[in-house]
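The block underneath contains the structure these notes are about, expressed in structure tokens.
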Amino acid sequence: MTMERTLSILKPDAVEKNKIGEIIAMLEGASLRPIAIKRTRLTRAQAEGFYAVHRERKFFGELVEFMTRGPVVLMVLEGENAITRYREIMGATDPAKAAEGTVRKKYASSIGENAVHGSDAPETAKFEIGWFFAGSELG
Ligand code: ADP
Ligand code: MG
Numbered sequence: 035m036t037m038e039r040t041l042s043i044l045k046p047d048a049v050e051k052n053k054i055g056e057i058i059a060m061l062e063g064a065s066l067r068p069i070a071i072k073r074t075r076l077t078r079a080q081a082e083g084f085y086a087v088h089r090e091r092k093f094f095g096e097l098v099e100f101m102t103r104g105p106v107v108l109m110v111l112e113g114e115n116a117i118t119r120y121r122e123i124m125g126a127t128d129p130a131k132a133a134e135g136t137v138r139k140k141y142a143s144s145i146g147e148n149a150v151h152g153s154d155a156p157e158t159a160k161f162e163i164g165w166f167f168a169g170s171e172l173g
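For the sequence shown, this note's numbering assigns the number 35 to the initial residue and increments by one for each residue that follows.
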């Protein structure tokens, strides 16, 4: 087991539904510890840069519109195997395919408006944490 950090976003749909606390409670219940939290509204440049790997996908414009339409909650989660375990708790990208008891099964509306983001590998976690947090913000 390795102690890891991963980047979590509670997306605009989750914040609109007022589910910040319920989702954080699910994460804490799974021993994922939020070590940095901020609520903010992403700029277009922040959203485009964050999702740059998806720039050529046909849903990219829609994704950037969605991610900038209202506030999000950005968090760094820490725990044993946090990257993989958080992805498991999130559930599949498409809520129709997400397992029972996952965050997306409970709170996602569609494949686009799917409540949460989580890093998918150690390298992406490092990039994504650095995209939104300064080293001095991580306790
Ligand atoms: P994940 O967030 O599960 O890692 P991806 O990295 O494949 O999923 O996609 C990033 C985000 O882009 C998704 O969480 C979702 O918000 C959006 N997205 C993915 N696929 C689609 C799609 N087919 N149509 C609309 N939005 C999509
Ligand atoms: Mg992804």
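Beta carbons are placed, not taken as given, at the ideal position from N, Cα and C, and that holds for glycine. Predicted model, so just to flag it, every value in this text is computed and none were measured.
Verify the contact flag: I163, CB atom, against every heavy atom of the ligand ADP, threshold strictly below 6 Å. It does not: the Cβ of I163 is nowhere closer than 6 Å to a heavy atom of the ligand ADP.
Jot down the residue ranges of each uninterrupted alpha helix (DSSP H) in the region 72-138, minimum 4 residues, whole runs only, in chain order. Within the region 72-138, the complete alpha helix (DSSP H) runs of at least 4 residues fall at 78-84, 94-101, 116-124.
Do the region 121-137 and the region 91-104 touch if we need at least three Cβ pairs shorter than 8 Å? Segments in contact, no.
Three-way DSSP call (helix, strand, coil) for M37 in this model: Here M37 sits in strand by DSSP.
Extent of the continuous alpha helix (DSSP H) run through G169: In this chain, G169 is not harboured by any alpha helix (DSSP H), its DSSP state being neither H nor E.
Give me the Cα-Cα distance between A86 and R78, rounded to the nearest whole angstrom. The straight-line gap from Cα to Cα measures roughly 12 Å.
Rounded to a whole number of angstroms, what is the C-alpha to C-alpha distance between M37 and E112? The alpha-carbon separation between M37 and E112 amounts to approximately 7 Å.
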